[in-house]
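Chains as they are written, first to last, in this note's numbering: chain L, 1 to 103; chain R, 1001 to 1103.
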């Protein structure tokens, strides 16, 4: 993976492996990517807090990795997941973070 | 849209509106987003060249916007598209840039 283009980070697109919905986009540094692969749960680097966070660590709505793919120039990762807990990924209680139409 | 978190850019996830495949991820600045909305064709900001580029401007494989959605914290855009030309989005000739499994 090429972490250099974005100061040590790559965008991570989270897609529901069952429905193909795009659920959220986060950022991973090398450690977050390694943690995601090792544990099987999507883990990100928080740009605002400067720390790793595993999605759902408090809510229980973890994202279990089904498959991971990298893009052709290796600067983005696509994580296909199975949603645990109540299945709502967004902190607003929606299934996906992308619920607002850009009109 | 919040362009501040990423030095004037937001990630733009490109998803096939018919198949729900994630095809590529690019970056948009405010001008690229405005151009995308005005023309109806996905247009990005090239971080390496420092210029706008409309996907398919030379290959003909343009991405016609079907719907655009923003995420809950307004720092990422999801662009649902119809693929024009031969329908291959990746410069390697694949349908999607995400063809390589991360093993």
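Even for Gly, the Cβ is constructed at its ideal location relative to N, Cα and C.
| Query | Result |
| --- | --- |
| Residues near residue 1025/R in its chain [Cβ-Cβ closer than 8 Å; skip 5 each side] | 1011, 1012, 1013, 1014 and 1097 |
| Delimiting residues of the alpha helix (DSSP H) encompassing residue 1033/R | 1030 to 1039 |
| Residue burial classification, residue 2/L (beta-carbon count within 10 angstroms, cutoff 16) | exposed |
| Where the beta strand (DSSP E) containing residue 1045/R begins and where it ends | 1043 to 1045 |
| Local conformation of residue 1078/R per DSSP, three classes | strand |
| In DSSP terms, what residue 1083/R is bridged to | 1063/R |
| Reduced DSSP category for residue 1057/R - H, G, I as helix; E, B as strand; rest coil | coil |
| Own chain partners of residue 1008/R with C-beta closer than 7 Å, once the 5 adjacent residues on each side are dropped | 1029 |
| Residue-chain proximity (residue 104/L, chain R), Cβ-Cβ < 7 Å | What is shown of chain L runs 1 to 103, which leaves residue 104/L out entirely. |
| Where residue 35/L falls, given that 16 or more other Cβ within 10 Å makes a residue buried | buried |
| CB contact below 7 Å: residue 22/L versus chain R | yes |
| Within-7 Å CB hit, residue 1034/R to chain C | Checking the listed chains, one finds no chain C in this structure; the protein chains it contains are L and R. |
| Buried/exposed call for residue 1099/R, threshold 16 Cβ in 10 Å | exposed |
| Within-7 Å CB hit, residue 98/L to chain R | yes |
| Local Cβ density within 10 Å of residue 37/L, reported as buried at 16 or more and exposed below that | exposed |
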